[in-house]
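Student:
Written as structure tokens, this is what we have:
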């Protein structure tokens, strides 16, 4: 029985919609004629139908124009740090350094070619999105749209004179975006798309095939496009959860509706943090993430940090411990986190304030 | 409801034990306090316990000695074709060419250094395991122990003067092996270990750190060992099925017992193929696989191939179509395929013979 009393604010793998979990449970029991989704061959027509449907729904939900391909791969977004550079960098690329994940992407690319960091917010522990100028003579510009650990987010679709590559692992499907502004988008599934184990990659086809290096087969986007994401056995069950998540989003009313819900959840939570005398945000207001809300104790109440952790846990709130490099708290309010859970956290913060400030 | 009438002989993803499917279904519904295994953070102590237990059981079941590490990665065995070469090849390595998968491993390694093919059975469409001499001056020797497509298998643990690397994707956990003979074993899960989405790698630690090249972080075995397979988010649900499969194997009596069961299933099936006037094997007797039993129609009955496919399907038998490069039929009888399913296939072959030979 799924307990109603748990509010899961985990940064990922994160909360999934009840409908998605139930559909997956059912497919584990019986996907086709008593055969579990865990044991169905990826070469059966029943599975290929799911693959095609997932791609079609992804195109529909994200409004992906002609000329783009969608692939589903294992190995995580971290493997994409390497694949992006291998497939797109002829000589040099520029990157925006907005946190640990961006830094990891940079490090992997530096092995492949020349990397120019055109902006960084490392000076203030990545608590804001830095200013930058995009040069026109680089192979691509790489950004991390949402920085899970720090709670900052680039929420507009950037105009870039060179191909724009975006790691959207933690904010894909959270709002409508103008795909035509991007040349490549990648996102691991376990925040807004489904279960861990699959990464979604959306590629403008014309940017491929322009590098001189010999790309290892398994790292070559063109190989995976040619083989419809089945060059090797795909992560079947994880892709199935993506399929169900897209159905859920469609049923809910699409990304415009999702955006409204997400903005409302974030507005409520930031308002409480700003109001509450015990907590404060760590992030520059204009760069606040709609997905990951980071907050710490006001200096005067620092000694209450463990107390609040414990108090929240007693109230069914889990997954709010901040990343060790930031400390404090982080409430991840991905698509599937309900407004009820947000209200539960807000109530908990209010009650805690009352307990300690008279 | 799981239908009793389906006998799934798929080459992978393949049949899984009922217990494993049921335990996974339960964890999807409620892994901890109403939270699904699909939405539990990989940083929670509840999940870390599963990771540790899976590793511990793998060591126990496979009798892995000191000095070896076990890691769990996404990306499939095809990613290991690249990682093996990147991590172990300084200048040159030798490979045994026993089929399409071995050829793919060779192709990927040829990008990294000099590859010597010391034996191939390509001349007879890989229907036997070729003879070979292992040279002593190469960095490692790579074999594919079981060739899923062709139904051949190397069933003894080879003595090699240089580090032995084995792709055991389709026969790992099918019998006890002497791990000390191997320097690296890798296997995708979806045949004998669990659901697609995770690859298991067993590495003798002392063979690492000996190459000069700069290995990309995500492809570096040492990085994954250092981070206990959590350098990035692991494929949680697939690893969970490996955990449950190991529990099931332990309960059944371990690999010695599994081996007996597997050999009995294979003995029965090959005996029927040898006896039946309509079918014949394609593989040299001494190299017959215990996991994948390939057979075709005797020349005289070739025109009955589609009829048999249809007849088998009517009798609840699925997944027996041979790979397009071999044709005919392939019954994959991995650990979780029951002897009842094997008897059902045999009955079907006998009845079909009676229908057509009077």
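Chains as they are written, first to last, in the working numbering: chain A, 110 to 467; chain B, 110 to 467. Don't be surprised by glycine CBs; every beta carbon is placed ideally from N, CA and C. Since the structure is predicted, the reported quantities are computational estimates derived from the model, not experimental observations.
Would you kindly work out how many angstroms separate the C-alpha atoms of residue 110(B) and residue 453(B), rounded to a whole number?
Tutor: Confidence in residue 110(B) is poor, its pLDDT being 41 and thus under 50, which makes the residue's placement unreliable; the coordinate value appears in the next sentence. About 21 Å.
Student: Please report the straight-line C-alpha distance between residue 392(A) and residue 133(B), rounded to a whole angstrom.
Tutor: Roughly 40 Å separates the two Cα atoms.
Student: I need the boundaries of the alpha helix (DSSP H) containing residue 177(A), first residue and last residue.
Tutor: It is not in any alpha helix (DSSP H) - residue 177(A) instead sits in the beta strand (DSSP E) that spans 177-182.
Student: Expressed to the nearest angstrom, what Euclidean distance is found between the alpha-carbon atoms of residue 334(A) and residue 168(A)?
Tutor: In a straight line, the C-alpha of residue 334(A) is about 15 Å away from that of residue 168(A).
Student: Which chain A residues are close to residue 151(B), counting only those with a beta carbon under 8 Å from its beta carbon?
Tutor: 122, 305, listed in chain order.
Student: Within the same chain, show all residues whose beta-carbon is closer than 7 Å to that of residue 151(B), passing over the 5 residues directly before and after it, in chain order.
Tutor: Only 339, 342, 343, 345 meet the Cβ criterion.
Student: Measuring only between beta-carbons, confirm whether residue 184(A) sits less than 8 Å from chain B.
Tutor: Taking Cβ atoms only, chain B reaches closer than 8 Å to residue 184(A), which makes this a yes.
Student: Taking a contact to mean a Cβ-Cβ separation below 8 Å, would you say residue 382(A) touches residue 462(A) in this structure?
Tutor: Not in contact: residue 382(A) and residue 462(A) (Cβ atoms no closer than 8 Å).
Student: Looking at C-beta atoms only, is the number of pairs between the segment 259-267 of chain A and the segment 401-408 of chain A that lie closer than 8 Å three or more?
Tutor: The answer is yes - the segment 401-408 of chain A touches the segment 259-267 of chain A, with three or more Cβ pairs under 8 Å.
Student: Could you tell me which whole beta strand (DSSP E) segments of length 3 or greater appear in the segment 138-215 of chain A?
Tutor: List check, beta strand (DSSP E) in window: 177-182, 201-206.
Student: Return the residue from the list 276(B), 297(B), 198(B), 232(B) that minimises the CA-CA distance to residue 68(B).
Tutor: Here chain B comprises residues numbered 110 to 467, so residue 68(B) is not present and cannot be evaluated.
Student: Please state whether DSSP places residue 461(A) in a helix, a strand or coil.
Tutor: Helix at residue 461(A).
Student: Quick one: which chain B residues come within Cβ less than 7 Å of residue 299(A)?
Tutor: Correct list: 342.
Student: Run the CB neighbour count on residue 300(A), radius 10 Å, all protein chains shown included, and call it buried at 16 or more, exposed below.
Tutor: Classification for residue 300(A): buried.
Student: Could you give the first and the last residue of the continuous beta strand (DSSP E) run that contains residue 308(A)?
Tutor: Its beta strand (DSSP E) spans residues 308-313.
Student: Could you pull out every unbroken beta strand (DSSP E) segment of at least 3 residues lying fully inside the segment 279-347 of chain B, listed in chain order?
Tutor: With a minimum length of 3 residues, the continuous beta strand (DSSP E) runs that stay inside the segment 279-347 of chain B are 293-297, 308-313.
Student: Along the segment 403-420 of chain B, where does the CB come closer than 9 Å to a CB of chain A? Name the residues.
Tutor: Cβ contacts with chain A: none found.
Student: Measuring alpha carbon to alpha carbon, tell me which residue in 456(B), 188(B), 308(B), 280(B) is nearest residue 425(B).
Tutor: Taking only the C-alpha atoms, the option nearest residue 425(B) is 456(B).
Student: Quick one: does residue 454(B) have its CB under 8 Å from some CB of chain A?
Tutor: So, not an interface residue.
Student: I'd like to confirm the pairing. Which residues does DSSP put opposite residue 229(A) in its beta bridges?
Tutor: Note: residue 229(A) sits in a beta bridge opposite 206(A).
Student: Looking at residue 209(A) and residue 434(A), is the spacing between their C-beta atoms short of 8 Å?
Tutor: It is a contact, given that the beta carbons lie within the stated cut-off.
Student: Between residue 143(A) and chain B, is the shortest Cβ-Cβ distance under 8 Å, so that the two count as touching?
Tutor: Residue 143(A) counts as touching chain B.
Student: From the DSSP output, in three-state form, read off residue 434(B) for me.
Tutor: It is coil, neither helix nor strand.
Student: Could you tell me which chain B residues have their CB closer than 7 Å to the CB of residue 137(A), listed as they occur along the chain?
Tutor: Neighbours of residue 137(A) on chain B, chain order: 130, 133, 134, 137.
Student: Tell me which same chain residues have a C-beta within less than 7 Å of the C-beta of residue 183(B), skipping the five on either side of it?
Tutor: Same-chain partners within the cutoff: 306, 307, 344.
Student: Quick check on DSSP: helix, strand or coil for residue 264(A)?
Tutor: Coil at residue 264(A), not helix or strand.
Student: Grouping DSSP H, G and I as helix and E and B as strand, with all else coil, what is residue 117(A)?
Tutor: Reduced to three states, the DSSP call for residue 117(A) is strand.
Student: Considering only residues of the same chain and omitting the five flanking positions on each side of residue 145(A), which have a CB-CB separation below 6 Å?
Tutor: So the list reads 137, once near-sequence residues are dropped.
Student: In the segment 427-440 of chain B, which residues sit with their C-beta less than 8 Å from some C-beta in chain A, listed in chain order?
Tutor: So the list reads 427, 428, given in the order they occur along the chain.
Student: Helix, strand or coil, according to DSSP, for residue 440(A) in the structure here?
Tutor: Reduced to three states, the DSSP call for residue 440(A) is strand.
Student: Which residues, in order along the segment 212-227 of chain B, keep a beta-carbon less than 9 Å from a beta-carbon of chain A?
Tutor: Listed in sequence order: 213, 216, 217, 220, 221.
Student: Mind checking who residue 392(A) pairs with in its DSSP beta bridge?
Tutor: DSSP lists no partner for residue 392(A).
Student: The ligand SAM heavy atoms versus the CB of residue 463(B): any closer than 7 Å?
Tutor: This structure lacks the ligand SAM; in fact it carries no ligand of any kind.
Student: For chain B, check one thing: does any of its Cβ atoms lie closer than 8 Å to the Cβ of residue 111(A)?
Tutor: In this prediction, residue 111(A) scores a pLDDT of 47, lower than 50, which makes its location untrustworthy; the coordinate-derived value is nonetheless stated afterwards. Answer yes: the Cβ-Cβ gap between residue 111(A) and chain B drops below 8 Å somewhere.
Student: Say whether the segment 111-127 of chain B touches the segment 310-318 of chain A, bearing in mind that this needs 3 or more beta-carbon pairs closer than 8 Å, one atom from each stretch.
Tutor: In short, these stretches do not touch, since the Cβ pair count stays below three.
Student: Report yes or no: do the segment 268-275 of chain A and the segment 115-132 of chain B share at least 3 C-beta pairs separated by less than 8 Å?
Tutor: Segments in contact, no.
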